[in-house]
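K.L.:
Take a look at this one; I'll ask things after.
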Amino acid sequence: MYFIGIPTNTAGFCMIDLQVQFAKTFLEGRAKLPSKEEMIEDTRLDVESRLASGLRPKELHMMGRRSKDYYDSLASLSGLESVSPVVLQIYFDGIDRFMCDFSHFREDKYKLLDKDHYMVKFPNEEEPVMRRQEIVLD
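Mapping of the sequence shown onto numbering that gives the first Met the number 0: position 66 corresponds to residue 65, and the numbering continues sequentially without gaps.
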């Protein structure tokens, strides 16, 4: 059984796409799941880490800046390609813009340039700003 789409505070569409591909890989027999004991231990360590970082038990499904680690672990286990860090950077920048300029953040225009760079045009600026992905991990 697979649970798809439960984590929050992350790039949802990318996460769901990767989770479905992950599940499909194992259902089709292209990869083998870890043992039950390994999965239980991995879950225990993850929960301990999240609680130690200050999350409350009801917040354990919140990903935030841990998203990259989660996506990379799914990709590693299944042999899939992980979500691009630049896509996650755009997501987190969008969240920052939501918090800083709620009235206009939906007017921002993002353009992916390559695997490390993107441009964003803010509604109150003449020229777009080029940015490089630089996700800061906790």
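Even glycine gets a Cβ: it sits at the ideal position worked out from N, Cα and C. Please read all numbers here as calculations on a predicted model, not as lab measurements.
When the Cα atoms are used, what is the spatial distance from LEU112 to GLU36?
P.N.:
Distance between the alpha carbons of LEU112 and GLU36 is about 43 angstroms.
K.L.:
What's the gap between the Cα of ILE3 and the Cα of LYS23?
P.N.:
In a straight line, the C-alpha of ILE3 is about 12 angstroms away from that of LYS23.
K.L.:
Tell me which residue opens and which closes the beta strand (DSSP E) that MET118 is part of.
P.N.:
Its beta strand (DSSP E) spans residues 116-120.
K.L.:
Report all residues from its chain with a CB closer than 6 angstroms to the CB of ASP137; omit the five preceding and five following residues, and keep chain order.
P.N.:
Note on ASP137: pLDDT 44, under 50, position unreliable in the model; the coordinate value appears next. Cβ neighbours of ASP137 beyond the five flanking positions: ARG64.
K.L.:
On the criterion of 16 or more Cβ atoms from any shown chain inside 10 Å, does GLU126 qualify as buried, or is it exposed?
P.N.:
Exposed, since its Cβ has fewer than 16 Cβ neighbours within 10 Å.
K.L.:
Is it buried or exposed, TYR117, if we count other Cβ atoms within 10 angstroms and call 16 or more buried?
P.N.:
Buried.
K.L.:
Would you please state the rounded distance, in angstroms, between the beta carbons of VAL119 and ASP92? I believe it to be under 8 angstroms.
P.N.:
About 7 angstroms; that satisfies the 8 angstroms criterion.
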